[in-house]
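Since the structure comes first, as C-alpha cells, the remarks are kept for the end.
There are 2 protein chains.
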Amino acid sequence: MSEVLELGKRAKKASVKLANVSTELKNRALNAMADALIVNAKEIIKANKKDLEEGKRRNISTALMDRLLLNEARIEDMARDLKEVAFLKDPVGELVKGRKLPNELEVLQVRVPLGVVGLIYEARPNVTVDAAGLCIKSGNAIILRGGSVAINSNLALTDIIADAGVKEGLPENCIQSISTADRAAVTELMKMHGYVDVLIPRGGASLIQSVIKNSTVPVIETGVGNCHIFIDKSANLNMAKEIVVNAKCQRPGVCNAAETLLVHKDVAEKFLPGILRKLQERDVEIFGCPITHSICSDVNEATEDDWKTEYLDLKMAVKIVPSLNEAILHIQKYGTNHSEAIVTEDYSAAKSFTEEVDAAAVYVNASTRFTDGGQYGLGAEMGISTQKLHARGPMGLEALTSTKYVIYGKGQIRS
Amino acid sequence: MSEVLELGKRAKKASVKLANVSTELKNRALNAMADALIVNAKEIIKANKKDLEEGKRRNISTALMDRLLLNEARIEDMARDLKEVAFLKDPVGELVKGRKLPNELEVLQVRVPLGVVGLIYEARPNVTVDAAGLCIKSGNAIILRGGSVAINSNLALTDIIADAGVKEGLPENCIQSISTADRAAVTELMKMHGYVDVLIPRGGASLIQSVIKNSTVPVIETGVGNCHIFIDKSANLNMAKEIVVNAKCQRPGVCNAAETLLVHKDVAEKFLPGILRKLQERDVEIFGCPITHSICSDVNEATEDDWKTEYLDLKMAVKIVPSLNEAILHIQKYGTNHSEAIVTEDYSAAKSFTEEVDAAAVYVNASTRFTDGGQYGLGAEMGISTQKLHARGPMGLEALTSTKYVIYGKGQIRS
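Quick note, the sequences are listed as chains A and B, same order.
Using our numbering, the letters of the first sequence correspond one by one to residues 141 to 555.
Using our numbering, the letters of the second sequence correspond one by one to residues 141 to 555.
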C-alpha cells in the first residue's frame, strides 16, 4: 500500500472516532499541543535548521528563507495560536434547524465535522500547526502536505503535536503529514475520493489550478486575488488616498492586497497626481491606461496583461473609467471574486456596487486588506475561499463542518 | 465556438443580471412559465411522441417508456409544481449573519445565488421543468443536459418555459438545454470551470462517478443510496415490520429505499420468519447471511456483493448481527452516507446510532423513504446530496445559493 493511501485509511478511521470527541477533550488536547511545542522548541529548531541549510544550498530567495525560519519567538506564536483556537466555540453539535412535520416526525439538522481534510500548502511551517489546530477543534482528521523546502520542519511539528494530542486522549492518526517530497504523493492525494472529504490547496495560482484540474476529491479553491479599488466621482478623496495606499502597500504580497485602481474620469485630474506620487514614494511601480498616462506621464503604459495580473508586489495598474457601470464591468471581466472596494459618498453608487459586484467580500469605504478570518472575528482561518460552493471568503471553523439530518419518529411510514 | 461554450458564456452573462431580479418578477415569471406549459401542451406532446417512437425503435424498457411519457395530466403536474415554487420563500438577499467589528466596520454576510448551475440527468422530462423552476427562484441560470432518449421533449419544454420567462421580463438565456445528444457535450460541460459554478449529476452510479472523475467544475454528488434498517433487540417488532416493508416496497426504484436489513441476533428467530414471509408476499427476493439461511431456508445466500449493492429493485439483503456496534460497523463499511435507520425502544441505542452513523439522514423509528425535499418541508428538491461539502441530504432552494460578505466602512484601513 502506498503511503498516501495508508494515511487516508488511517485518517478515515480516526475521523469516525474524532467526530464524537467532547469539546472539553479537544480543548485539553489543543493546550497540550501548544505546551509540547514550547517543550520541544529545540528539536523543532534543529529540524528547521536542516531545511534552512538545504534552502541555502538550493539558493531560495531571502523572502522565502524568512518565511521558512522558525525561532523561539515564532514557536511561541504558534503555541499561542493553538491556545486561542481552544477558546473558540466548538461548531460541532450545533442545532442548525429543526421542525416537527405534520406527520409528527421531528427533523433536526445538526452540525457535524466534514471528516477528513486534506491541505496542500507551500512554504510557511506555521500553517502546519494552525491548520491542525482548526481541524482538531472542528472534529476533523487532517492530512497535511507542505512544501518540500519545509519538510523537516513540518514533520517535526506534526510529530510533536500529534503525539501530544494522543497522550491527552485524542484518537491516533488525527494529524498526519505526508513524509515524502515526491510530487506523485500530491497527485495521489487528489484522487483519494472516499477517504478525503475536502481538499484545500493554499498557494500560488498554478498549484490551485492543478488541484482543480486533477482532483476527484471536492476542492475548495482559495486565494487568488486580483482585487480592485474604484474611486467614484463622489468619493472623499482624502479617504480614497488612505485606502488605496493601505490596500496596496501595507502588505503587498498577500491575496487581499489591491492590484488595480479604477478612477472615475470626473475626479481623475484632481485625484491621480497626488495618489500616484504617494504610491511612487512608497516604491510602487504604476502601469497606467492612456488617460492616466496623459495626466501623469511618468508611469508605464499598461497592457491587457496588467488588468489580469495579481502582482503580489509593489506594482499597481491604474485605469480611468467613464462611469460606475464601466468600473463594475471591468471588475466582472478581470476580477477573481476575492475582495473589491468602492470609495464613494453616493448612497446609490454604494448600493449598485455591493449588489452587482460578485466577490467573496465587497467593501464600501474600507481597505480590501480586511478580508481575513481574524479581522472578521472568526478567530482564525484555513484560507480564503474564492469559489461559491460550501464556503466563501475567510474560512473559519464552521467552513470545516457539514450537517446531517437526524429524524426521530414513532413508527412513521410513507404513504 | 462550440455550443456548450456558447451556452456557458450566455448563462454567465444571464446569471449576473438574474442575481438582482426582484422576487416579484421571478414569481410572475414562474407563473407565466406554468401557464405556457398548459397553453402549449399539444406541442409538448408532439415532441414527446417523437421520443416515444424513437424509444420504441430502440427497444427501451417499459419502465423507462413510462418515465418518458408526457400527457396532459403530467403537463398539468409540472405546471402546478412551478406555481408551488413561486410560493416558496426567496432565499436570495437573506442576511445570514452580521456584526459590527471593534473598528466599527459593519460586516454583513448575505445570501446570493450560486450563479450558473449545470444539471446532468437521465430520463424523466419533468426534471427539466422542476430544476429550471428552482434555479429561477434562487436567481441562478441553468444549463440542462437531459438523457438522449428525452431530447425532443426536453428541448420543447426548455423553449416554452424560457420564452415565457423572457416575455415576463427575465433576462435572456437563464434557462438553456444542450441540444445535441453527443456525449462529448457532457464532457465539455464538465470542463466549464469559470462559466459553471456547480455541476449536479442526477442518475445512475456510473454517470455520477464519471462526473466526479472528470469535472473541473465543483460537483455535488447525489443519490446513490445503499440504505440500511437495523432492528435492535429492543425494537417494537410490529413497528419494525411496518417500517421495513415500507422502506423496501413502497417505491423500490428510488435512492431512499432500503436495501439491507440488519437484525440483532437476540430477536432474529422471533422477527425474521414473519418479516421475510411478508416481504416474499410482496415479491421481494431475499439474500440472507448464513444465520438468516439457518432460520429461513427458502432464501438465497448472500455474497459479499449483496452488502455492496443498491438493488433499486424488489430485492433485499438480510444479515443477523451480534450487537448494535456490529450493525454500525457494517453500515460504516457498506453504506453510501444516504439514509440509515434504527428501530429501537432503547434510548442509548438510538443516541449511539444517530451519533455514530455518518449519513445525510439518520432515522430512529421511521422509514428511510422520508429523505425527500418535499417531505422535509423544503418545497422541492434538486436532488439528494450524499457528499459533505456545501449541501447534504435533500437540496432545496438554499442549496442553490452561496453568500457574500458586504462590508460598510467609513475610511477604515488596516494597521
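Glycine is no exception: its CB is placed at the ideal position from the N, C-alpha and C atoms.
Keep in mind that this is a model prediction, so the values were computed, not measured.
The region 525–540 of chain B makes no contact with the region 188–208 of chain A; the number of CB pairs closer than 8 Å stays below 3. Separation of A181/B and N199/B (C-alpha to C-alpha, rounded to the nearest whole angstrom) is 26 Å.
Closer than 9 Å at the C-beta level to chain B, one finds these residues of the region 359–379 of chain A: V359, I360, E361, N376, N378, M379.
Residue-level contact check: L158/B does not touch chain A, since none of the beta carbons of chain A fall below 8 Å from its beta carbon. Within chain B, A506, F510 have C-beta atoms less than 7 Å from the C-beta of L245/A, given in sequence order.
Remark: three or more beta-carbon pairs, one from each stretch, lie closer than 8 Å, so the region 202–220 of chain A and the region 166–180 of chain A are flagged as touching. Flagged as an interface residue toward chain B: Y516/A, by a C-beta distance shorter than 8 Å. In the structure shown, H368/A falls within a strand segment according to DSSP collapsed to helix, strand and coil. Beta-bridge partners assigned by DSSP to P534/B: I524/B. The residue from D230/A, A272/A, T476/A with its alpha-carbon nearest to that of D299/A is A272/A.
Annotation for M456/B: the continuous beta strand (DSSP E) segment containing it runs 455–461.
In chain order, V247, K544, Y545, V546, I547 make up the part of chain A whose C-beta sits under 9 Å from the C-beta of A501/B. Of all alpha-carbon atoms in A226/A, E312/A, R342/A, E328/A, the one lying nearest the alpha-carbon of I360/A is that of R342/A. V179/A has its alpha-carbon roughly 44 Å from the corresponding atom of T476/B. Three or more Cβ pairs drawn from the region 150–166 of chain A and the region 302–315 of chain A lie within less than 8 Å of each other, which places the two stretches in contact. Inter-segment contact for the region 543–554 of chain A and the region 501–518 of chain B is present: three or more beta-carbon pairs are separated by less than 8 Å.
At a cut-off of 8 Å, the C-beta of T356/B has a neighbouring C-beta in chain A. DSSP places I282/A inside the beta strand (DSSP E), whose first and last residues are 281–285.
A direct Cα-Cα distance of roughly 10 Å separates D270/B from E224/B. Proximity of chain A to I283/B at the Cβ level (cut-off 7 Å) is not reached, the minimal Cβ distance being about 16 Å. In the three-state DSSP reduction, N294/A falls in the helix class (H, G or I). For R197/B, the secondary structure class from DSSP, reduced to helix, strand or coil, is helix.
As for any beta strand (DSSP E) of minimum length 3 sitting wholly inside the region 485–519 of chain A, the runs are 501–506, ordered along the chain. Using beta-carbon distances, N280/B does not count as an interface residue toward chain A, since no partner is under 8 Å. Here T543/A has V236, Q249, V250, R251, V252 as same chain residues with Cβ atoms under 8 Å from its own Cβ, once five neighbours each way along the sequence are excluded.
With respect to I282/A, V306/A sits apart: the two C-beta atoms are not nearer than 8 Å.
Beyond the five residues adjoining it in sequence on each side, C275/B comes within less than 6 Å, by CB distance, of V257, I282 in the same chain, given in chain order. Contact annotation: in the region 382–400 of chain B, residues whose CB is within less than 7 Å of a CB in chain A are E382, I383, N386, Q390. At a cut-off of 8 Å, the C-beta of H333/A has a neighbouring C-beta in chain B. In the DSSP assignment, no residue is bridged to G233/A. Contiguous beta strand (DSSP E) elements confined to the region 381–414 of chain B occur at 398–404, taking only those with 3 or more residues.
Below the 8 Å Cβ cutoff, chain A contributes K528, L529 as neighbours of L254/B, in chain order. Residues of the region 437–452 of chain B that bring their beta carbon within less than 7 Å of a beta carbon in chain A are absent altogether.
For the pair of segments examined, the region 466–484 of chain A was found to touch the region 374–381 of chain A: the number of CB pairs separated by less than 8 Å reaches three. DSSP lists I283/A as the beta-bridge partner residues of Q316/A.
Under the DSSP assignment, Y545/A falls in the beta strand (DSSP E) whose first and last residues are 541–552.
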